[in-house]
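*Asks:* Below are the structure tokens for one structure; questions will follow.
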Amino acid sequence: MTRAILFVALLVAAAAPVAARDILLLPDRVWTSEGNTAHAGWAVLVRDGVIAGVGPREGLHPAADVREIALPGATLMPGLIDLHSHVFLHPYNETLWNDQVLKEAPDYRVLEAAAHARDTLMSGFTALRDLGTEGAGFGDVSIKRAINEGLIPGPRMFVATRAIVATASYGPGPRGFRPDLDLPSGAQEVSGTDEAMRAVREQAARGADWIKLYADYRVGPDGTTAPTFTEAELKAIVDTAHLIGRPVAAHAASREGVAMAVAAGVDTIEHGYGTDEATFAKMKKQGTTYEPTLTAVDATEEYFHHYKPGDPPTDNMREAEHAFRTALKVGVTIGNGSDVGVFAHGTNWREPVAMVRDGMTPAQALHAATDVAARILRQGDHFGRIAVGMRADLAAFSGDPSAHIEDLAHPVLVMKDGTLYRSPDGHP
Numbered sequence: 000m001t002r003a004i005l006f007v008a009l010l011v012a013a014a015a016p017v018a019a020r021d022i023l024l025l026p027d028r029v030w031t032s033e034g035n036t037a038h039a040g041w042a043v044l045v046r047d048g049v050i051a052g053v054g055p056r057e058g059l060h061p062a063a064d065v066r067e068i069a070l071p072g073a074t075l076m077p078g079l080i081d082l083h084s085h086v087f088l089h090p091y092n093e094t095l096w097n098d099q100v101l102k103e104a105p106d107y108r109v110l111e112a113a114a115h116a117r118d119t120l121m122s123g124f125t126a127l128r129d130l131g132t133e134g135a136g137f138g139d140v141s142i143k144r145a146i147n148e149g150l151i152p153g154p155r156m157f158v159a160t161r162a163i164v165a166t167a168s169y170g171p172g173p174r175g176f177r178p179d180l181d182l183p184s185g186a187q188e189v190s191g192t193d194e195a196m197r198a199v200r201e202q203a204a205r206g207a208d209w210i211k212l213y214a215d216y217r218v219g220p221d222g223t224t225a226p227t228f229t230e231a232e233l234k235a236i237v238d239t240a241h242l243i244g245r246p247v248a249a250h251a252a253s254r255e256g257v258a259m260a261v262a263a264g265v266d267t268i269e270h271g272y273g274t275d276e277a278t279f280a281k282m283k284k285q286g287t288t289y290e291p292t293l294t295a296v297d298a299t300e301e302y303f304h305h306y307k308p309g310d311p312p313t314d315n316m317r318e319a320e321h322a323f324r325t326a327l328k329v330g331v332t333i334g335n336g337s338d339v340g341v342f343a344h345g346t347n348w349r350e351p352v353a354m355v356r357d358g359m360t361p362a363q364a365l366h367a368a369t370d371v372a373a374r375i376l377r378q379g380d381h382f383g384r385i386a387v388g389m390r391a392d393l394a395a396f397s398g399d400p401s402a403h404i405e406d407l408a409h410p411v412l413v414m415k416d417g418t419l420y421r422s423p424d425g426h427p
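According to numbering that gives the first Met the number 0, the sequence shown is numbered sequentially starting from 0.
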């Protein structure tokens, strides 16, 4: 009996919550996202997963047993956000997209996605909008759940599940494959308004936070990019999604595809490489935001068109840069969205670097990856800024990314919801 009572007592003790210690982060400087410059000599106090104080160290009042973490030479920032990721993909110079979808088993792809989520978090990105599982069904919902329940490390996930495409407009095939093959699709195919609405409702019921549609794709003569949906189909998708509280992201690369998606009322445009100034002006007027995915163009030009870093930009890179600079001039809200998965997970920092290369200041690029991105996610009151009461999603980088954006490649601390995943001593 005594042993049984002792065993129960131990179980109760193990289940009891343990009071979390205050954590005082002591970098050389803090970039809060409220303004454009970093504050030298500031510190950040974290308590129970929330930012409890920010400012000069002498003005903060931690508990007596506070854990202090010195970050010499580093800048502390809000955790970074990537608004266009694919955790179920890996670089096409490793395995072509068709082979990933056709040859990699779904359960193996889930394991890959878990590793990609870990790599993303450890690089300082604490939130992702994942825009389609590319043939892996609703696996992103399970990855999100596993992260939320603490089974695997990863960023906050906002998922779109299967994405919606027009019938026979997306891969694998049908072009280039035997017509008698029944191939798996990289997204959910629909024709007509009824099927379009049904797909939205199904994906939302399965756990989609966002609805992703493909407004255009390589369906024109000789594989040129052209619109895939009718105006009625686009409107049906958008209206159905908005009715049940899901915002809509639209893949659109051509001027016509972007214009049709904007007219239908989508919330974000992804890629937009062929967009003209008039369409960007409509986006600004409607509040449609833009994720330029510049790094995806860099990567695919390297894989398939012999581009090497440092070479003069290719025609496709110049087109993407022109669209980006036009959106910047017009004043469209631009969020950081990279299309990572096309290139290696954990190197998401390449997109802010590319945005600075193509016309943004370092501060603008940091805003695009923090507070602006959080607002696009409808999460601006929860994370994306270093302010009292915000969730403690934080990252520190050696150097000062607000002056030298390339310093984002050197994370030294990562915290999500007050939990340390990376620290300078290597012992979270």
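C-beta atoms are modelled at their ideal positions from N, C-alpha and C, and glycine is treated no differently.
Quick check: the Cα distance between residue 252 and residue 215, rounded to an integer number of angstroms?
*Replies:* If I take the Cα positions, the gap works out to 7 Å.
*Asks:* Under the assumption that residue 166 contacts residue 199 (Cβ atoms under 8 Å), give the Cβ distance between them as a whole number of angstroms.
*Replies:* With 8 Å as the limit, residue 166 and residue 199 do not qualify as a contact, their Cβ atoms being about 16 Å apart.
*Asks:* Under a Cβ-count criterion, where at least 16 other Cβ atoms within 10 Å of its own Cβ denotes burial, should residue 36 be classed as buried or exposed?
*Replies:* With fewer than 16 Cβ atoms within 10 Å of its Cβ, residue 36 is classed as exposed.
*Asks:* Mind pulling the beta strand (DSSP E) runs of 3 or more residues that sit fully within the stretch 47-132?
*Replies:* Entirely contained in the stretch 47-132, the beta strand (DSSP E) runs reaching 3 residues are, in chain order, 49-55, 66-77, 79-84 and 124-129.
*Asks:* With respect to 6 Å, is the separation between the Cβ of residue 132 and the closest non-hydrogen atom of the ligand ATP below this value?
*Replies:* In the structure shown, the ligand ATP is absent, as is every other ligand, since no ligand is present at all.
*Asks:* Determine the closest residue to residue 109 out of 194, 151, 23 and 34, with distance taken between C-alpha atoms.
*Replies:* Closest by alpha carbon: 151.
*Asks:* Label residue 340 either buried or exposed according to how many other C-beta atoms from any shown protein chain fall within 10 Å of its C-beta, with 16 as the threshold for buried.
*Replies:* The residue in question, residue 340, is buried, as its Cβ has 16 or more Cβ neighbours within 10 Å.
*Asks:* Taking 6 Å as the limit between beta carbons, can you name the residues of its chain near residue 106, skipping five residues before and five after?
*Replies:* There are no such residues.
*Asks:* Taking 7 Å as the threshold (C-beta atoms), are residue 171 and residue 101 in contact?
*Replies:* Yes, the pair counts as a contact, with Cβ atoms nearer than the cut-off.
*Asks:* Taking just the CA atoms, how far does residue 20 sit from residue 6?
*Replies:* Note on residue 6: pLDDT 40, under 50, position unreliable in the model; the coordinate value appears next. Looking at the two C-alpha atoms, the distance is approximately 28 Å.
*Asks:* Could you tell me if residue 300 is buried or exposed, where buried requires 16 or more neighbouring beta carbons within 10 angstroms of its beta carbon?
*Replies:* That one is buried.
*Asks:* Look up residue 188 in the DSSP assignment and give the residues it is bridged to.
*Replies:* BP columns for residue 188 point to 164.
*Asks:* Quick check on the burial criterion: 16 or more other C-beta atoms within 10 angstroms. Buried or exposed for residue 322?
*Replies:* With 16 or more other Cβ atoms within 10 Å, it is buried.
*Asks:* State the CB to CB distance for the pair residue 428 and residue 237, rounded to an integer number of angstroms; the pair is presumed to be in contact (CB under 8 Å).
*Replies:* Any question about residue 428 goes unanswered here, given that the chain covers just 0 to 427.
*Asks:* Between residue 69 and residue 25, is the Cβ-Cβ spacing less than 7 Å?
*Replies:* Yes, these two residues count as a Cβ contact at 7 Å.
*Asks:* Residues in its own chain within less than 6 Å of residue 126 by CB, not counting five upstream and five downstream?
*Replies:* So the qualifying residues of the chain are 80, 154 and 155.
*Asks:* Are the CB atoms of residue 270 and residue 294 nearer to each other than 7 Å?
*Replies:* Cβ distance not < 7 Å, so residue 270 and residue 294 don't count as in contact.
*Asks:* Take residue 14 and list the residues in its own chain whose beta-carbon comes closer than 6 Å to its own, dropping the five residues that flank it on each side.
*Replies:* Bear in mind that a pLDDT of 39 at residue 14, under 50, signals an unreliable position, so the model cannot answer this.
*Asks:* Roughly how many angstroms separate the alpha carbons of residue 254 and residue 277, rounded to a whole number?
*Replies:* For residue 254 and residue 277, the distance between alpha carbons rounds to 10 Å.
*Asks:* If you measure from the beta carbon of residue 82 to each beta carbon in chain C, is any gap under 7 Å?
*Replies:* This model lacks chain C altogether, as it is built from one protein chain only.
*Asks:* In the structure shown, what three-state DSSP assignment does residue 150 receive?
*Replies:* Residue state, collapsed to three classes: coil.
*Asks:* Whole angstroms are fine: how far does the CA of residue 140 sit from the CA of residue 244?
*Replies:* Taking the straight line from one Cα to the other gives about 17 Å.
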